[in-house]
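Quick note, the sequence shown lines up with residues 115 to 1082 if you use our numbering.
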Amino acid sequence: MSLLQKMWNLKIKDKLFLTFAGGVALYLFLASASYYFIDRIRDYGDTVYNTHLNISQSVYELKSNLYAVRNSLTTMLLEEDKTQMSIHHKKINEFTKSIDLDIAKLFKQPAMDNEARTMLSELKTVWEAFRDTRDKELIPHILAGRHKEAKAITYGIQMQRFDRFTSLAEEIVRHENQVVYTAKIHVGERIKIYYYFLFIIVITGALAGLLATILISREIGGRLASVLGVAKSMAEGDLTGRVTVDRKDEIGILAEEFNVMADHLQASYNSLEQKVLARTKSLRIANEELERRRIELEFMNEEIRKASELKSRFLATVSHELRTPLNSVIGFTELLKGQAFGPMNEKQLEYTRYINTSGKHLLQLINNILDISKIEAGKMDLMLDEFPFNALIDDVVSIVKPLADARGITVGIDIEDIGSIKADKGKLKQIVLNLLSNAIKFNRENGQIDIKSYLKDGELYTSVKDTGVGIKSEDMDRIWHEFEQIDGSMTRQFEGTGLGLAVTKKLVELHKGRIWVTSEYGKGTIFTFVIPAAEKTISVPVSEAGPVEASVLTDELPTILVVEDNHELRKLITAHLNEAGYNVVGAADGDEALRMAKTLKPFAITLDIMLPVKDGWEVIKEIKGSADTRDIPVIIVSALEDMKKGFSFGACDYLTKPVEKGTLIGALRKLNFTTRVKRGSYTILVVDDDPKAVELMTGILTTEGFGVLKAFGGEEGIKFAVEREPDLIILDLMMPDISGFEVLENLRTHSYTKDIPVIIYTAKDLTREDRIKLDNDVSKIITKEFSIEYILNEVRKVEMLYPARAKMVDPLTNTFNRRYFKRRLAHEIARGERYGHTFSIAMMSIDNLAQYEKRFGPVMADDAVKKLANSIRECVRRSDCLIRYNDIIFLLLLPQTSISAANIVGEKVRFMIERCRAADNIKFTTSIGLVAFPKDGREEKELIDSAIAKMEEAVKGGGNRIARGEDY
115 MSLLQKMWNL KIKDKLFLTF AGGVALYLFL ASASYYFIDR IRDYGDTVYN THLNISQSVY
175 ELKSNLYAVR NSLTTMLLEE DKTQMSIHHK KINEFTKSID LDIAKLFKQP AMDNEARTML
235 SELKTVWEAF RDTRDKELIP HILAGRHKEA KAITYGIQMQ RFDRFTSLAE EIVRHENQVV
295 YTAKIHVGER IKIYYYFLFI IVITGALAGL LATILISREI GGRLASVLGV AKSMAEGDLT
355 GRVTVDRKDE IGILAEEFNV MADHLQASYN SLEQKVLART KSLRIANEEL ERRRIELEFM
415 NEEIRKASEL KSRFLATVSH ELRTPLNSVI GFTELLKGQA FGPMNEKQLE YTRYINTSGK
475 HLLQLINNIL DISKIEAGKM DLMLDEFPFN ALIDDVVSIV KPLADARGIT VGIDIEDIGS
535 IKADKGKLKQ IVLNLLSNAI KFNRENGQID IKSYLKDGEL YTSVKDTGVG IKSEDMDRIW
595 HEFEQIDGSM TRQFEGTGLG LAVTKKLVEL HKGRIWVTSE YGKGTIFTFV IPAAEKTISV
655 PVSEAGPVEA SVLTDELPTI LVVEDNHELR KLITAHLNEA GYNVVGAADG DEALRMAKTL
715 KPFAITLDIM LPVKDGWEVI KEIKGSADTR DIPVIIVSAL EDMKKGFSFG ACDYLTKPVE
775 KGTLIGALRK LNFTTRVKRG SYTILVVDDD PKAVELMTGI LTTEGFGVLK AFGGEEGIKF
835 AVEREPDLII LDLMMPDISG FEVLENLRTH SYTKDIPVII YTAKDLTRED RIKLDNDVSK
895 IITKEFSIEY ILNEVRKVEM LYPARAKMVD PLTNTFNRRY FKRRLAHEIA RGERYGHTFS
955 IAMMSIDNLA QYEKRFGPVM ADDAVKKLAN SIRECVRRSD CLIRYNDIIF LLLLPQTSIS
1015 AANIVGEKVR FMIERCRAAD NIKFTTSIGL VAFPKDGREE KELIDSAIAK MEEAVKGGGN
1075 RIARGEDY
């Protein structure tokens, strides 16, 4: 084996060590060579410098000593003192010895070349001649006083010898400098040679190192790459590759072990492949079975999906088909209970109450089942809105108060001024209503219920506490289960369904809240729920009464258009509205609803959704799309529960069938904040394909003094709306000919009906898309499970939103009239009783207006009245309400104003009226009577009588003054 082969077979660490050792040896050689060259150059430089520097130095010393000798001789020549002469003579001898020694040393310098030695020999000869002449001739003359002879020698021959000596000394120095310069050039050449040598050595070492690195890297890297390539091939599935072993170093050993591992892997793979082949058949059979089951599951899922769709359709159909007849049952029995069409005996009233109660119980059961189904299907959405929480509690308490009073149960309210919260108003109302209804249902006779609400850490806490039978601890969890009742006998006693609390819990959880119960069996129960409130509560400002446009001052009854295709329901609603004081017209389909809305221009419209020809959605869309009807409030009354869609289409309320009289009346009353006040010719178009629904709505509205137009369907509703231009349209959405949506669309595109307010009145479950469709076109959406009071409140809300359409504005002065004042006064009294607020009334008689009219006639008097109204308007706030009470009397309603503050306003009014001038520069004065709630009365009539009395007191006192009640 050759040396090279032995080296290749060395271990990698040995190869690396040899490479490192070679590099170290090379650099040690470089260091040694560098040291040698540097040392030689240094020695040569030292020799040249020291030798030739010493020679030059010695020559300079020769010259210096020679100058000293000459100077001493000159001094002796001039000196006369023998002693001084002796001293200088002595110095001359000393300098002479130094010169002799220096010349002898110079001759001993080995580095002095021949040329220098020749010049040095001549210098020695000159010196010796100079010395001999001095000692033998010059000094004796001086010492003998022969100065003339001494001077002749000194400036003669001796001077020549001195000059020659110095000239030779300088020649020697120049020669030595030339020698040093030549030596310097020689050193530079040696250094250059050394640099060349060092460069060659460094390059050679670097190349050798690079070559060694390349060889080792190629040796190690190439062999490792070979191992890596085989490993990669094995990773890709090729187990046949092997690494070539040509060395006995570490990589060679690794390659041998790798090949052994590859052999084992290939053997294992071959064995595994046999096992896989053996199992492939069984896996194929299993896969075929799984595929068959997957197809079966897909088929079953499709069947489940179809069943779910059928269930949804069924629930929608059940919602409409059950609520529509129930609406008639409940509505007509409420009309019978109210004995609106004649007296009934006790037995008839009792049976009527039984029917009404059973209908409501069945309706509650249907609603709970539908709510549970929608929540579990994930189809119940929240319609978040900002609304005053305190007002919601008041509404719910007003609903359950009659039930509580009937059993002697006291309802206590302890609620902070919460302000406005953001939640789903309808569902939150349902939560509170369910809890209060349970508290009344399971309470004792003459028991107590306490409602408490407060805000804490951004959450709204509400609790309902009762003094009822309580719940056992083991039943605490069961009360939340669907269709489960903790005591069957108690359920039969209290008519429970086992769904109310389950629905309540799910509604709370939809609001991302929580609900819990604490109870002591036999003593009572406390239900508490918490929901997130808005980040910041919003105080509800006092309504401002600004000037509005009007054209007629009249006492005609407002008309409501009831759009309902069901004849019985339309008749029932008509009865309710007639009883509430509204004129009612009915429409049985969408087209009729749109037509009547355009022609009658009712004050408001109750609209069913499921209408023939055009459904309620089309009806409300047309109503809100027409400039002539868009201002008519529309209350949707439908069996479909799709409140979002109704609101999105522009309905002002949404009632779900079956609707109670109180709910319906309440929906209308919300439009003007008051109840049972005979109104002017306020026409409501009721559009519903159900004749019973139209009659029911007509009965409700006409009883309340509204004029009603009946439209039995969407087409008839559109026709009546266009022809009669009602003040309001009540529109059902579910009509066969034209749906309520189409009725709305038609109404909003017609110039006569686009401003008519529309109330959606439907039993349809409104989807989010339905509500978006109804947006901006509907004043209110009412489901057909409404109470009469509720729907009337909604109509009255529309009246207050559109006072000019409701004939509540004086066209002469552009101020409100007496009818508006009565509604507003009832509202302020209710607020005062509820929140403890005060308000004041200023009744102002224009003292000399009647005499002015007699003198100048009614035209000039009307002009003066307008000027007076403008003068009064400048003195009041936007929240104050200015009313023309009769021909010569104005009235100011001042919310949240004490009588002292009202007195200041009265003085401003009196001053402004005095400044008002009419024809012939006639000056007016006023007599003002001031009263305040509750000091001067708690009832409407009591307050008006007190105001009249105070005004008459001011008149009797001479006029142009203020008479007021006591401070409160």
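Note that the Cβ used here is the ideal one computed from N, Cα and C, for glycine as well.
(1) Hey, F855 and A701: beta-carbon distance below 8 Å or not?
(2) To the nearest whole angstrom, what separates the beta carbons of E736 and L547, a pair I think is in contact under 8 Å?
(3) Who are W630's beta bridge partners in DSSP?
(4) Cutting at 7 Å between CB atoms, please list the residues of its own chain near Y1082, excluding the five before and the five after it.
(5) Taking just the CA atoms, how far does K420 sit from M348?
(6) With 16 other CB atoms within 10 Å as the buried threshold, where does G335 fall?
(7) Using DSSP bridges, identify the partner residues of A996.
(8) In its own chain, which residues sit with a C-beta less than 7 Å from the C-beta of G1073, not counting the 5 before and 5 after it?
(9) Can you tell me whether DSSP reads D591 as helix, strand or coil?
(10) Rounded to a whole number of angstroms, what is the C-alpha to C-alpha distance between S567 and I645?
(11) Could you check whether Y796 and F717 sit closer than 8 Å to each other, using their CB atoms as the reference points?
(12) Tell me, please, which residues DSSP counts as bridged to V800.
(13) Among the candidates W630, W731 and L176, whose CA atom is the shortest distance from the CA of M1090?
(14) What does N680 pair with, by DSSP beta-bridge criteria?
(15) Taking only runs of the beta strand (DSSP E) that begin and end inside the stretch 831-879, which ones reach a length of at least 3 residues, in chain order?
(16) With C-beta atoms as the reference, is L691 less than 8 Å away from T817?
(17) Could you check if M958 is buried or exposed, using at least 16 other CB atoms within 10 Å of its CB as the buried criterion?
(18) Give me the Cα-Cα distance between R987 and R1024, rounded to the nearest whole angstrom.
(19) Measure the alpha-carbon distance for Y310 versus R304 and round it to whole angstroms.
(20) Just verifying my parser: in three-state terms, what is the DSSP assignment at I305?
(21) Got a sec? Which residues, its chain only, sit under 6 Å from S657 by beta carbon, not counting five neighbours each side?
(22) Smallest Cα separation from V293: which of S170, I206, Q272 and K205?
(23) Quick one: what does DSSP say Q607 is sitting in, helix, strand or coil?
(24) By DSSP, does P502 sit in helix, in strand, or in coil?
(25) Where does R1075 fall in DSSP's three states?
(26) Classify T576 as helix, strand or coil using the three-state DSSP reduction.
(27) With distances taken between CB atoms, is the gap from M849 to M724 smaller than 8 Å?
(28) At which residues does the alpha helix (DSSP H) containing V1069 begin and terminate?
(29) Buried or exposed for G704, going by 16 or more other Cβ atoms inside 10 Å?
(30) For a test of the three-state rule: what should DSSP assign to A825, helix, strand or coil?
(31) Runs of 4 residues minimum, wholly inside the stretch 215-283: which ones carry the alpha helix (DSSP H) assignment?
(32) Can we say the stretch 537-553 touches the stretch 492-509, given the rule of at least three CB pairs closer than 8 Å?
(33) Check each candidate in E193, D277 and E290 and name the one with the smallest Cα separation from N168.
(34) Measuring alpha carbon to alpha carbon, tell me which residue in V979, R1052, M974 and D924 is nearest A940.
(35) Tell me the DSSP secondary structure of M957 in three-state form.
(36) So, helix, strand or coil for Y916, using DSSP?
If we stick to the structure as given:
(1) no
(2) At roughly 35 Å, the Cβ-Cβ gap does not stay under 8 Å, so E736 and L547 are not in contact.
(3) W630 is bridged to T642.
(4) Confidence in Y1082 is poor, its pLDDT being 49 and thus under 50, which makes the residue's placement too unreliable to answer from.
(5) Their backbone Cα atoms lie some 53 Å apart in a straight line.
(6) exposed
(7) Note on identity: in this sequence residue 996 is Leu, with Ala being the wrong assignment. L996 is bridged to L1006.
(8) D961, T1039 and S1041
(9) Of the three classes helix, strand and coil, the one that applies to D591 here is coil, per DSSP.
(10) 11 Å
(11) A contact, by the Cβ cut-off of 8 Å.
(12) G700
(13) No answer is possible for residue 1090: it lies beyond the span of the chain, which begins at 115 and ends at 1082.
(14) D804
(15) Those beta strand (DSSP E) runs which fall completely within the stretch 831-879 and span 3+ residues are 846-849 and 872-878.
(16) yes
(17) buried
(18) 12 Å
(19) 10 Å
(20) helix
(21) With a pLDDT of only 33 at S657, under the threshold of 50, the placement of this residue in the model should not be trusted; the figure read from the coordinates follows. Cβ neighbours of S657 beyond the five flanking positions: none.
(22) S170
(23) Residue placement at Q607 cannot be trusted, given a pLDDT of 47 that sits under 50; the coordinates are not used to answer.
(24) strand
(25) coil
(26) strand
(27) Closer than 8 Å, so yes.
(28) Counted as a single uninterrupted DSSP element, the alpha helix (DSSP H) harbouring V1069 occupies residues E1054 to K1070.
(29) buried
(30) strand
(31) 228-247, 253-258 and 261-268
(32) yes
(33) E290
(34) Ranking the options by Cα distance to A940, first place goes to R1052.
(35) strand
(36) coil
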